[in-house]
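Peer 1: First residue of the sequence shown: 300, per the numbering used here; consecutive thereafter.
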Amino acid sequence: LKRLLPVGLNVFGGGELDIVQQSKERFLAKENEDKAPYVKLYLLPEKKKKVETKLDVRTPNSGVHFLIPCVDEIRYRHFLKEMCIEIPQQEAITKDNVQLGLDAVLYVRVTDPYKASYGVQNREYAISQLAQTIMQAEICKLMLDNVFNERANLNMTVVEGIKESAAPCVLICLRYEIRTMTMLPEIQRAMKMQVEAERKKRAMIL
């Protein structure tokens, strides 16, 4: 019978109901309901991986997945697309003791999201340092005149060296490209004088 009567009336002898108290109780009930944990739903697109922890660690495939609060947690997110890493300018010395400044770009891709999460810390920094080390070692084997001619071979050598050494990083190296090579101003002037001398020598022979 109470359910059929309007709010505020009580035919059983209690007077009017405390409407303010009822409103407060309803508000608190609604607030607790909003804070209650719900199962989360998310969509994992192609070329993207997430590492979840659910009493164990797993990497779900692309599609629709459910997250259970207090049980499931997304720890890491990885893109499986090709990534470009800028290699900052570094100093290298040729076989004939000429100092060069080199900067490059490195193209890599994640192959194993699980190992990429727990295998190495800051994998982009690690692989960029590896690329710089390999390039310095290769420059030391060449004379200055051969460095510019062997530019393509240098790129391939760095790629092969990273593939052999970057297994813990779980990144596959796709390409490595040297962007710029800079020299000291006096070295540039000396090379320019050498080129001009060779041209004059050829002109005298002809």
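Ideal Cβ positions, reconstructed from N, Cα and C, are used throughout, including at glycine.
Pull up the distance between the alpha-carbon of residue 486 and that of residue 493, whole angstroms please.
Peer 2: For the pair residue 486 and residue 493, the Cα-to-Cα distance works out to about 11 Å.
Peer 1: CB-CB under 7 Å to residue 464, same chain, minus the five flanking residues each way: which ones, in chain order?
Peer 2: 429
Peer 1: Within 10 angstroms of its Cβ, does residue 415 collect 16 or more other Cβ (buried), or is it exposed?
Peer 2: buried
Peer 1: What residue from 460, 450, 381 and 420 has the CA that sits closest to residue 402's CA?
Peer 2: 450
Peer 1: Beta-carbon within less than 6 Å of residue 456's beta-carbon, same chain only, minus the 5 sequence neighbours each way: which residues are those?
Peer 2: 437
Peer 1: With C-beta atoms as the reference, is residue 433 less than 9 Å away from residue 461?
Peer 2: It is a contact, given that the beta carbons lie within the stated cut-off.
Peer 1: Decide if residue 338 is buried, meaning its Cβ has at least 16 other Cβ atoms within 10 Å, or exposed.
Peer 2: Note that residue 338 scores 48 on pLDDT, short of 50, meaning its location in the model is unreliable; the coordinates nonetheless yield the value given after this. The residue is exposed, with fewer than 16 neighbouring Cβ atoms inside 10 Å.
Peer 1: Take residue 427 and list the residues in its own chain whose beta-carbon comes closer than 6 Å to its own, dropping the five residues that flank it on each side.
Peer 2: Result list for residue 427: 384 and 386, in chain order.
Peer 1: What does a CB cutoff of less than 7 Å around residue 388 pick up in its chain, not counting 5 residues either side in sequence?
Peer 2: Around residue 388, the same chain offers 400, 401 and 402 as residues with beta carbons nearer than 7 Å, after the five sequence neighbours per side are excluded.
Peer 1: Assuming contact is defined by CB atoms lying nearer than 9 Å, are residue 480 and residue 398 in contact in what I supplied?
Peer 2: no
Peer 1: What are the boundary residues of the alpha helix (DSSP H) that includes residue 411?
Peer 2: Note, residue 411: premise wrong, no alpha helix (DSSP H); not H, not E.
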